[in-house]
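Chain order of the listed sequences is P and X. Per our numbering, the first sequence starts with residue 1, numbered consecutively. Per our numbering, the second sequence starts with residue 1, numbered consecutively.
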Amino acid sequence: MKRRDFVKALGAGAVIGRAGALTGCATTGSGRAGRVVVIGGGFGGATAAKYLRMWAPAIEVVLVERDTAFISCPFSNRVLGGSMTLQELTVGYDKLGPNRGVKVIHDEATAVDPVRREVRLAKGETLTYDRLIVAPGIDFMYETIPGLNDPAAREKVPHAWKAGAQTLALRKQLESMRDGGVVVVHVPTAPYRCPPGPYERACQIAFFLKNAKPRSKLILLDANDDIQSKKGLFTQAWNKLYRDKIEYRPNSELRDVDVDTLTVKLEFADVKADVLNVIPPQRAGNIARQAGLINVNDRWCGIDYLTFESTVHNNIHVIGDAIVAAPAMPKSGHMANQHAKIAADAVAALMSGRPVNDEPTIANTCYSWVSSSEVVHIASVHKYDVEQKTLVAVQGSGGVSATITNNEARFALSWVENIWADMLT
Amino acid sequence: MICRSIGYSALLGATVALAWSAPAKAEDLKARSWAAGCAACHGTGGRSDNEIPPLAGRNKDDLFMMLMEFKAGERKTATVMHQHAKGYTDEQLERIAAFYSRQPRR
């Protein structure tokens, strides 16, 4: 970039500089370690910001997050079941500054310039970076469902797949439904965020119906040919707890939705609902798309699994649900927390000139609530494989709960408390 | 911006030099990275005060023995740890145990 262009860029709005950028040539010579901007304060981004500050205290870390509080997707199906409130799933960002020295900016990143290494924010500010960590989660591919093109339609047929207002909207619809009504939930083709989530949701909605609307039932339409996670355990739950409450229909690919009649149009059938919840197909979050970071199937961001650096742009790392998942690696909050730690360690290494860890090993644990008190888990361990250049599930590791018990609920509640603290305190 | 590019090239040169000559440091950074994985459940730095046991500041040999017993499937109360422990080499488990033994409890 020519200097006059850069000056022009400066003139476009307040530019908060990476180390030395405003004072000329001091970027690398001033002794300052540089600046990392993190876009997105979910399980991945907030964890990355915190751990980077822990491991490389000289690096300035700016976290850009549009919401003023974090609302957890994990456990949000319990709001539908009625055994948890949205408030209980909400945690503030107020500790990251005082405890960790992370600069939190509540704004929306609207554009990334990978050449100038700048992030533009909706309120007009421009941030420069030495390295950028993009943790945008997912956005919905509404263009694949013509009936949901209108934003108003998306209020009537909520996704409830990002916890918050949509979760409450679906809960309210369930509460208002007549007894004897039919709830229809549609599951998109994998990969999508949280593989066991739709089946946990079926349990939670069935739990609510069983107690509050006993003549009602749930039809779970799945675009996939089978249950995507913890199949044995969910089947056990459905047979034991929700017999006649849940009707599971695999191979149900959605063609469209008629919002006026709450009808799902499948290839060979229409299914009418009293309450309709369509979980749309997903891709990496919009800012990843804007930044040109999506290079796999027009949906996901390719990365180097040693550093989580984008295979499109240098100095940009992508973590969480937005990446093209390694084999057998779920898109989960826990996994995003683990990506964040590999990325934070790699960024700290790259910016201080030490070698990057060539043997990253990370793990996943996902708990699903099959009732108000019973929990099942799935676990896996993923290790970098030099030949395959990706993280692979370690043979013989991982697994699921032996059976459905009350015993794991206390661990699940402790897990969620600790992982929220691990990202936000 | 030209200045910055030059600065970066210089830094890159320094990076390579440093990487080749870096002496073994006291802190086991690989163990720190692996151990960070455990923190999602066991709390940052292994500090937890709920049903998931804390790891910070515990005896290294005790932690290592426990992990090896999980790995061997010998701890009957295990719900998930036997599945995790099997994903790590003995050496990794020993270095993770050593890392947590050195963490402050508070």
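C-beta: ideal position from N, C-alpha, C; glycine also.
Inset, instruction - Just grab the DSSP bridge partners of arginine 283/P for me. - result: Sequence index remark: in the first sequence, residue 283/P carries index 283 (1-based). Arginine 283/P is bridged to Asp139/P.
Inset, instruction - Output yes if chain X places a C-beta closer than 9 Å to the C-beta of proline 426/P; else output no. - result: Nothing can be reported for residue 426/P: it is not among the residues displayed for chain P, which extend from 1 to 425.
Inset, instruction - Grab me the residues of glycine 24/P's own chain with a C-beta within less than 7 Å of its C-beta, minus the 5 sequence neighbours each way, in chain order. - result: Looking up residue 24/P in the first sequence gives position 24. Any answer about glycine 24/P is weak, because its pLDDT of 36 lies below 50 and its placement is not dependable; what the coordinates show is given next. No residues qualify anywhere along the chain.
Inset, instruction - Starting from the Cα of proline 327/P, find the closest Cα among Ser372/P, Asp385/P and Gly232/P and give me that residue. - result: As a working note, residue 327/P is residue 327 in the first sequence. Of Ser372/P, Asp385/P and Gly232/P, the residue nearest in Cα terms is Asp385/P.
Inset, instruction - Take aspartate 345/P and list the residues in its own chain whose beta-carbon comes closer than 7 Å to its own, dropping the five residues that flank it on each side. - result: Here residue 345/P refers to the residue found at position 345 when the first sequence is read from its first residue. Closer than 7 Å at Cβ, skipping near neighbours: Trp55 and Asn357.
Legend entry - Per-residue contacts from glutamate 387/P into chain X (C-beta, under 9 Å): By 1-based counting over the first sequence, the position of residue 387/P is 387. Correct list: empty, because the minimum Cβ distance to chain X is about 17 Å.
Legend entry - arginine 354/P versus threonine 235/P: straight-line alpha-carbon distance, rounded: Indexing the first sequence from 1 puts residue 354/P at position 354. Indexing the first sequence from 1 puts residue 235/P at position 235. Near 49 Å, if we compare the C-alpha coordinates of threonine 235/P and arginine 354/P.
Inset, instruction - Confirm, please, whether the CB-CB distance from histidine 84/X to alanine 340/P is below 9 Å. - result: The residue given as residue 340/P occupies position 340 in the first sequence. The residue given as residue 84/X occupies position 84 in the second sequence. Against a cut-off of 9 Å, the Cβ pair of histidine 84/X and alanine 340/P comes out as no contact.
Legend entry - Beta-carbon proximity list for serine 9/X, same chain, < 7 Å, skipping 5 on both sides: Your numbering for residue 9/X matches position 9 in the second sequence. Unreliable placement is indicated for serine 9/X, whose pLDDT of 43 sits below 50; no coordinate value is reported for it.
Inset, instruction - Please check if any C-beta of chain X sits within less than 9 Å of the C-beta of tryptophan 300/P. - result: Your numbering for residue 300/P matches position 300 in the first sequence. Not an interface residue.
Inset, instruction - Could I get the ranges of all uninterrupted beta strand (DSSP E) runs contained in the segment 375-404 of chain P, with 3 residues as the minimum, in chain order? - result: 375-385 and 390-393
Legend entry - Whole-number beta carbon distance between valine 62/P and valine 184/P, since they are thought to touch under 8 Å: In the first sequence, residue 184/P corresponds to position 184, counting from 1. In the first sequence, residue 62/P corresponds to position 62, counting from 1. Not really, about 43 Å apart at Cβ, beyond 8 Å.
Legend entry - Within chain X, the residues that asparagine 482/P reaches when beta carbons sit closer than 8 Å: Residue 482/P falls outside the range modelled here, since chain P spans only 1 to 425, and no answer is possible.
Legend entry - Cβ-based burial, alanine 291/P [other Cβ within 10 Å; buried from 16]: Here residue 291/P refers to the residue found at position 291 when the first sequence is read from its first residue. Per the 10 Å Cβ criterion, buried.
Inset, instruction - Would you tell me roughly how many angstroms separate the C-alpha atoms of glycine 41/P and arginine 66/P, rounded to the nearest one? - result: In the first sequence, counting from the first residue as 1, residue 41/P sits at position 41. In the first sequence, counting from the first residue as 1, residue 66/P sits at position 66. Distance between the alpha carbons of glycine 41/P and arginine 66/P is about 8 Å.
Inset, instruction - Determine the contact status of glycine 73/X and glycine 398/P, defining contact as a CB-CB distance below 9 Å. - result: The residue you call residue 73/X lines up with position 73 of the second sequence. The residue you call residue 398/P lines up with position 398 of the first sequence. It is not a contact, given that the beta carbons lie outside the stated cut-off.
Legend entry - Residue of Asn314/P, Leu127/P, Cys301/P and Glu359/P minimising C-alpha distance to valine 324/P: For the purposes of this step, residue 324/P is identified with residue 324 of the first sequence, where counting begins at 1. Closest option to valine 324/P, Cα to Cα, is Cys301/P.
Legend entry - Close-in-space but distant-in-sequence residues of the same chain around glycine 43/X (CB under 6 Å, 5 per side omitted): For the purposes of this step, residue 43/X is taken as the residue at position 43 of the second sequence. If we look at glycine 43/X and ignore the five residues flanking it on each side, it has no Cβ neighbours.
Inset, instruction - Work out the CA separation of valine 400/P and glutamine 92/X for me, nearest whole Å. - result: Numbered from its first residue, the second sequence carries residue 92/X at position 92. Numbered from its first residue, the first sequence carries residue 400/P at position 400. Computed Cα separation, rounded: 23 Å.
Inset, instruction - Taking only beta-carbon positions, decide if alanine 39/X is within less than 9 Å of chain P. - result: The sequence position of residue 39/X within the second sequence is 39, counting from 1. Yes, its Cβ sits closer than 9 Å to a Cβ of chain P.
Inset, instruction - Determine whether the Cβ of lysine 30/X lies closer than 9 Å to any Cβ atom of chain P. - result: Here residue 30/X is taken as the residue at index 30 of the second sequence, counted from 1. Judged by the 9 Å Cβ criterion, lysine 30/X is in contact with chain P.
Legend entry - Chain-ordered neighbours of glutamine 103/X on chain P, where CB pairs are closer than 7 Å: Stepping through the second sequence from its first residue, residue 103/X is reached at position 103. Chain P residues near glutamine 103/X: none, gap ~12 Å exceeds 7 Å.
Inset, instruction - Answer yes or no: does any C-beta atom of chain P fall closer than 9 Å to that of glycine 43/X? - result: Within the second sequence, numbered from 1, the residue matching residue 43/X stands at position 43. Yes - at least one Cβ of chain P is within 9 Å of the one on glycine 43/X.
Legend entry - Distance CB(alanine 163/P)-CB(serine 76/P) smaller than 9 Å: Position 163 of the first sequence, counted from the start, is the residue given in the question as residue 163/P. Position 76 of the first sequence, counted from the start, is the residue given in the question as residue 76/P. Yes, these two residues count as a Cβ contact at 9 Å.
Inset, instruction - Check glycine 181/P in the structure and name its three-state DSSP category. - result: As a position in the first sequence, residue 181/P is number 181, starting the count at 1. Coil.
Legend entry - Proximity test, Cβ basis, 9 Å: lysine 399/P and chain X: Locating residue 399/P in the first sequence gives position 399, where the first residue counts as 1. In the sequence on display, residue 399/P carries glycine and not lysine. Chain X, which has a Cβ nearer than 9 Å to the Cβ of glycine 399/P, makes this yes.
Legend entry - Where the beta strand (DSSP E) containing glutamate 247/P begins and where it ends: Working through the first sequence from its first residue, we reach residue 247/P at position 247. Here the beta strand (DSSP E) through glutamate 247/P covers 246-249.
Inset, instruction - Quick one: give me the first and last residue of the beta strand (DSSP E) that lysine 217/P is part of. - result: Along the first sequence, read from residue 1 onward, the residue named residue 217/P stands at position 217. 217-222 is the span of the beta strand (DSSP E), which, as asked, contains lysine 217/P.
Inset, instruction - For chain X, find out if any of its Cβ atoms is closer than 9 Å to the Cβ of arginine 354/P; answer yes or no. - result: Looking up residue 354/P in the first sequence gives position 354. Chain X contact via Cβ: present.
Legend entry - Distance CB(leucine 424/P)-CB(glycine 81/P) smaller than 9 Å: Here residue 424/P is taken as the residue at index 424 of the first sequence, counted from 1. Here residue 81/P is taken as the residue at index 81 of the first sequence, counted from 1. It is not a contact, given that the beta carbons lie outside the stated cut-off.
Legend entry - Pair within 9 Å by beta-carbon distance, arginine 95/X and arginine 47/X: Mapped onto the second sequence, residue 95/X falls at position 95. Mapped onto the second sequence, residue 47/X falls at position 47. It is not a contact, given that the beta carbons lie outside the stated cut-off.
Legend entry - alpha helix (DSSP H) runs contained entirely in the segment 45-110 of chain P, provided each spans 4 or more residues: 77-81 and 96-100
Inset, instruction - Note down, in chain order, every chain P residue with its Cβ under 8 Å from the Cβ of glutamate 51/X. - result: Within the second sequence, numbered from 1, the residue matching residue 51/X stands at position 51. Here the neighbours are Arg410, Phe411, Leu413 and Ser414.
Legend entry - Within 9 Å, strictly: CB atoms of alanine 409/P and serine 373/P: Here the question's residue 409/P lines up with position 409 in the first sequence. Here the question's residue 373/P lines up with position 373 in the first sequence. In this structure, serine 373/P lies closer than 9 Å to alanine 409/P by Cβ.
Legend entry - Close Cβ partners of leucine 266/P (< 8 Å) along its chain, the five nearest in sequence each way excluded: Indexing the first sequence from 1 puts residue 266/P at position 266. Contacts found: Leu221, Ser252, Glu253, Leu254 and Arg255.
Legend entry - Counted within 10 angstroms of its Cβ, other Cβ atoms place glutamine 395/P as buried (16 or more) or exposed: Residue mapping note: residue 395/P aligns to position 395 of the first sequence, counting from 1. Exposed: under 16 other Cβ atoms inside 10 Å.
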